[in-house]
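Engineer: Got a structure for you, written out below as structure tokens; questions coming shortly.
Protein chains in written order, with my numbering: chain E, 1 to 339; chain H, 1 to 320.
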């Protein structure tokens, strides 16, 4: 009986696996993830998403291996060395979240000339032989001001919380916010601080600048800084402006509490850490021989007043709202880029 | 005694920490100039709160730097993160576990400090390398233990760290108490005398019977324990431990020591300067932010002001 069960299980397993094997030409291919940083909740969620989707794909026989590697220091030189090691180890594709858009180009070109597929996402690279899965960060900034304009037609003063100075993403979101303020010129940015995408840094910076600011009606952010801003404003005893959030669980929790207390309304938007899994499927598709445009755009994840409870329920405490992408999602993104 | 007080007062401008306080007051005044006097209390309260965190880690770093050239504790950010992460996870929001949670944080500091010292002593690794490599270990432990999830502190603890007593922020009171204790240890205890002796000339100190290895062990452990206490307080203050919560405290801890008028080569330190430096680091950024200067200008100005203060303090010292 016991043996028969096992045999039945084996047969069932083969029945599941065989169709997958028959379709994918990538079952002997090995994909590596080169990640430059793991020191915040977004990156941790990203690595978990990768682990979940990639290990399932390995189990299903879609690819032979999908290993994740993270450098200890967030430095381009170290990541370049890591990519060179991946070339030597004979990976067929490298999925990379890059420390710098340009500093890894040498190592990436080496990988390409060794016949390796390179797919960059989030932190993208400019090397032409690599694929890029980019986020429209400018639009992310612009939409924040657009949302505020819909809530506050009369406009007013805004506080801008920026990210880490000198990083590409910070410049892009900032440019989008500026474009938004030009479009909706009833708003004026009266203060700007760097929150480094960290709640405690944002809290400190906002607490320091608040005493010198006039009344603020809105706070535009980059994600990971909204809760810290709320705490600083609360501590200063000011009226709570509309703070645009960035999908972190503590931000959404604070939002839900404020909504229950006095009907607070806002918007939350950021990129889902699961974008790593989209990059994984794109790499798999390229390995499979599919024709994939070099530049792809991933939509950002928006949480509204209506979807707040749902998003909060599916986000682990202290983490960030996330979606994992499937092969079908990747195909859809590719199809959209071809048009 | 009266003579000492009078001479202390008349010598105030010659004290190495004098310029840090002058610059802090100037930055405070410049910010209020912009607001025409509004929000002074608010700014002072924010400055005291955030300076307290820098001051506590800065005092630990000061003791380490006093040990002499090449001594610096680079594991402070990772120790803060690990202590904050483990203690908040341990408490899990339960108010009954606040004191045991503090115990967990301090135990992390004790462990980290001991590990740092053992690396330096038995593997003969220079302190900079030893504490830097150990910090990767602590940071990895913090990542591994909680995967970056923020657990809320018990609400009583959160209220305490964000609250104030008689208008003075509670964390500032903790920071000032620690400063007073550190001042007594540095200026009035045998440990303080030995520490300065080791920093000025380790060989001479050893030959005159100072237990040099014991001094190293106690100092590195002390620094890690203060870092872990800061991690506990900061995580409770900001609503949970984050993996990157300690990052900015590496440079700040060293900067406040230098700005405060302590010798970076060791041997000569003072506690008031740490608070002066900590207040300045917060007030400068607030001032430049309030004037709406970009990040680039802000960094240049911060650097220039720090150099000016260190130069002013050094000039006074040599003429004294």
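Ideal Cβ placement from N, Cα and C applies to all residues, glycine included.
Please name the residues in the segment 231-246 of chain H whose beta-carbon is closer than 7 Å to at least one beta-carbon of chain E, in chain order.
Structural biologist: From the segment 231-246 of chain H, only 234, 238, 239, 240, 242, 243, 244 and 245 have a Cβ closer than 7 Å to chain E.
Engineer: Decide if residue 204(E) is buried, meaning its Cβ has at least 16 other Cβ atoms within 10 Å, or exposed.
Structural biologist: Its Cβ being crowded by 16 or more others within 10 Å, residue 204(E) is buried.
Engineer: Give me the DSSP bridge partner(s) of residue 268(E).
Structural biologist: For residue 268(E), which the question treats as bridged, DSSP gives the partners 245(E) and 303(E).
Engineer: Compute the beta-carbon to beta-carbon distance between residue 91(H) and residue 101(H), rounded to the nearest angstrom, for a pair I have assumed lies under 8 Å.
Structural biologist: At roughly 4 Å, the Cβ-Cβ gap stays under 8 Å, so residue 91(H) and residue 101(H) are in contact.
Engineer: Suppose you measure from the CA of residue 162(E) to the CA of residue 195(E); what does that come to, to the nearest Å?
Structural biologist: In a straight line, the C-alpha of residue 162(E) is about 6 Å away from that of residue 195(E).
Engineer: In the structure shown, what three-state DSSP assignment does residue 210(H) receive?
Structural biologist: It is coil, neither helix nor strand.
Engineer: Would residue 194(E) pass as an interface residue toward chain H - the criterion being a Cβ-Cβ separation below 7 Å?
Structural biologist: It does: the Cβ of residue 194(E) has a partner Cβ on chain H nearer than 7 Å.
Engineer: Do residue 123(E) and residue 105(E) have their CB atoms nearer than 7 Å?
Structural biologist: In this structure, residue 105(E) does not lie closer than 7 Å to residue 123(E) by Cβ.
Engineer: Using a Cβ-Cβ distance under 7 Å, would residue 277(H) count as near chain E?
Structural biologist: Closer than 7 Å: no.
Engineer: Consider the Cβ of residue 222(E): report whether some Cβ of chain H lies at a distance smaller than 7 Å.
Structural biologist: Not an interface residue.
Engineer: Between residue 145(E) and residue 233(E), what straight-line distance do the alpha-carbon atoms span, to the nearest angstrom?
Structural biologist: Going from the Cα of residue 145(E) to the Cα of residue 233(E) covers about 20 Å.
Engineer: Per DSSP, what kind of secondary structure is residue 177(H) in: helix, strand or coil?
Structural biologist: Looking at residue 177(H) - three-state DSSP - the assignment turns out to be helix.
Engineer: For a test of the three-state rule: what should DSSP assign to residue 17(H), helix, strand or coil?
Structural biologist: In the structure shown, residue 17(H) sits in coil (DSSP, three-state: anything other than H, G, I, E or B).
Engineer: Could you tell me whether any Cβ in chain E is nearer than 7 Å to the Cβ of residue 39(H)?
Structural biologist: Cβ-Cβ to chain E under 7 Å: yes for residue 39(H).
Engineer: On the CB-based measure, 16 or more other CB atoms within 10 Å of its CB, does residue 225(E) come out buried or exposed?
Structural biologist: Residue 225(E) should be labelled buried.
Engineer: Given residue 235(E), which residues of its chain have a CB within under 8 Å of its CB, disregarding the five upstream and five downstream residues?
Structural biologist: 207.
Engineer: Comparing alpha-carbon positions, which option in 198(E), 133(E) and 237(E) lies nearest residue 216(E)?
Structural biologist: That would be 237(E), whose Cα lies nearest to the Cα of residue 216(E).
Engineer: For residue 324(E), which residues in chain H fall below 8 Å Cβ to Cβ?
Structural biologist: By Cβ distance, chain H contributes nothing, its closest Cβ being about 16 Å from residue 324(E), past 8 Å.
Engineer: Which same chain residues, not among the five before or five after residue 307(E), have their C-beta less than 6 Å away from its C-beta?
Structural biologist: Excluding positions up to five away in sequence, the list is empty.
Engineer: Along chain E, which residues have their Cβ under 8 Å away from the Cβ of residue 285(H)?
Structural biologist: Correct list: 205 and 208.
Engineer: If you run the structure through DSSP and keep just helix, strand and coil, what is residue 306(H)?
Structural biologist: Helix.
Engineer: Name the chain E residues that come within less than 8 Å of residue 248(H), Cβ to Cβ?
Structural biologist: Correct list: 196 and 201.
Engineer: At which residues does the alpha helix (DSSP H) containing residue 147(H) begin and terminate?
Structural biologist: From DSSP, residue 147(H) is part of no alpha helix (DSSP H); its letter is neither H nor E.
Engineer: Out of 210(H), 118(H) and 141(H), which has the shortest C-alpha to C-alpha gap to residue 131(H)?
Structural biologist: Nearest C-alpha to residue 131(H): 118(H).
Engineer: Enumerate in chain order the residues of its own chain whose CB-to-CB distance from residue 284(H) is below 7 Å, with the five nearest sequence positions on each side excluded.
Structural biologist: Excluding positions up to five away in sequence, the list reads 27, 302 and 305.
Engineer: For residue 174(E), count neighbouring C-beta atoms within 10 Å of its own C-beta (all shown protein chains included) and say buried if the count is 16 or more, exposed if not.
Structural biologist: Buried, since its Cβ has 16 or more Cβ neighbours within 10 Å.
Engineer: Going by C-alpha to C-alpha distance, which of 139(E), 334(E), 112(E) and 295(E) sits closest to residue 180(E)?
Structural biologist: The option with the nearest alpha carbon to residue 180(E) is 139(E).
Engineer: Between residue 184(E) and residue 251(E), what straight-line distance do the alpha-carbon atoms span, to the nearest angstrom?
Structural biologist: Roughly 26 Å separates the two Cα atoms.
Engineer: Contact between the segment 240-248 of chain H and the segment 65-80 of chain H: three or more CB pairs below 8 Å?
Structural biologist: Short answer: they touch.
Engineer: Since residue 33(E) sits in a beta bridge, which residues does DSSP pair it with?
Structural biologist: According to DSSP, which records beta bridges pairwise, residue 33(E) is partnered with 68(E) and 95(E).
Engineer: Buried or exposed, going by whether 16 or more other CB atoms sit within 10 Å of the CB of residue 341(E)?
Structural biologist: This structure leaves residue 341(E) out entirely; chain E is present only between 1 and 339.
Engineer: Quick check: residue 136(H) and residue 72(E), are their CB atoms within less than 7 Å of each other?
Structural biologist: Yes, these two residues count as a Cβ contact at 7 Å.
Engineer: Would you mind giving the Cβ-Cβ distance between residue 244(E) and residue 277(E), rounded to the nearest angstrom? I have them listed as a contact below 8 Å.
Structural biologist: Not confirmed; about 26 Å, so no contact.
Engineer: Would residue 318(E) count as contacting chain H if we go by Cβ distances under 7 Å?
Structural biologist: Yes, residue 318(E) counts as interfacial toward chain H.
Engineer: Compute the beta-carbon to beta-carbon distance between residue 117(E) and residue 286(E), rounded to the nearest angstrom, for a pair I have assumed lies under 8 Å.
Structural biologist: That belief holds up - the Cβ atoms of residue 117(E) and residue 286(E) are roughly 5 Å apart, short of 8 Å.
Engineer: May I ask which residues mark the beginning and end of the beta strand (DSSP E) holding residue 157(E)?
Structural biologist: Start and end: 156-162.
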